[in-house]
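Accompanying notes for the structure given below.
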Amino acid sequence: MRIGVLFYSTYGHNYAMAAAAAEGLRKSGIDADLLRVPETLSKDILEKMGALDAQKVFEHIPAAEVSKLPEYDGFIFSFPTRFGNMPAQFKAFVDATGGLWQTGALIGKPFGLIAGSATQHGGQESTLLTSMVPFIHHGMIYVGIPQSEGALFNSTTVEGGSFYGATTVSGGDGSRQPSEIEKEIASILAVRVGKIAAKLAA
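Heads up: the sequence shown is residues 6 to 207, going by our numbering.
Structure representation (structure tokens):
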């Protein structure tokens, strides 16, 4: 099995979540490629946003290529929420997959989603729910997280995590990094995708 873990990250939070997902896959014996969806904003704008230095941390990660997506048996997609939706940068990448849709190259491949927002109620679940739509159009199989995973039920601290996918909360100023619980949930989701991909292949 080979799982593609694709992320777009502005300040590094979704990179950290994607890296946790890839690590979880590798620890379970499943090959994982961590791939960066390219930024579309200019360096001047990123600098004004205070994101330029943050993105230097993961600029060494190979860029994802649409043409290579059919090589994978399943996917994890990680990105921040933008007004309750997938960010434009990731949407531009997805919009470039029309040729794969025409040939049915991604039909039957499982996928899971990771999202992040500044607050607990900042649109994480709506982002997960709306972002599954283009992948469903591809004939892909959506993988969530069942209630049997106890990490979802922590209520003693602020944590992300949903039946619809893994999430992280960055805080209003972006200073909060993904917690160990959030990264655990990302790993759990990724391993589920890998195991389901293996069952489908069998």
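Where is the CB? At the ideal position from N, CA and C, for every residue including glycine.
Residues of the same chain with a CB within less than 8 Å of the CB of leucine 105, apart from the 5 flanking positions on each side, are Val71, Leu74, Pro75, Leu111, His143 in chain order. Listed as beta-bridge partners of alanine 37 by DSSP are Ile8. Just so you know, the alpha carbons of leucine 30 and arginine 41 end up roughly 17 Å apart. Between the region 58 to 66 and the region 126 to 144, the count of Cβ pairs shorter than 8 Å is below three; the stretches do not touch.
Secondary structure of arginine 197 (DSSP, three-state): helix. Look at arginine 181 here: in three-state DSSP terms it is coil, with no helix or strand label.
As for any alpha helix (DSSP H) of minimum length 4 sitting wholly inside the region 81 to 145, the runs are 93 to 100, 103 to 108, 129 to 142, ordered along the chain. Taking 8 Å as the cut-off, the beta carbon of methionine 22 is found closer than this to the beta carbon of threonine 173. Between leucine 11 and proline 115, the C-beta gap is not smaller than 8 Å, which leaves the two residues out of contact.
Only residues of its own chain outside the window of five on either side were considered, and among them Ile150, Gly166, Ser167, Phe168, Ile190 have a CB closer than 8 Å to the CB of leucine 157, listed in chain order. Excluding sequence positions up to five before and after threonine 45, its CB lies within less than 8 Å of the CB of Ala93, Gln94, Ala97, all in the same chain and listed in chain order.
Excluding its 5 nearest sequence neighbours in each direction, alanine 24 has C-beta neighbours in its own chain below 7 Å: Leu39, listed in chain order. DSSP places glycine 17 outside both helix and strand once states are collapsed to three, so it counts as coil.
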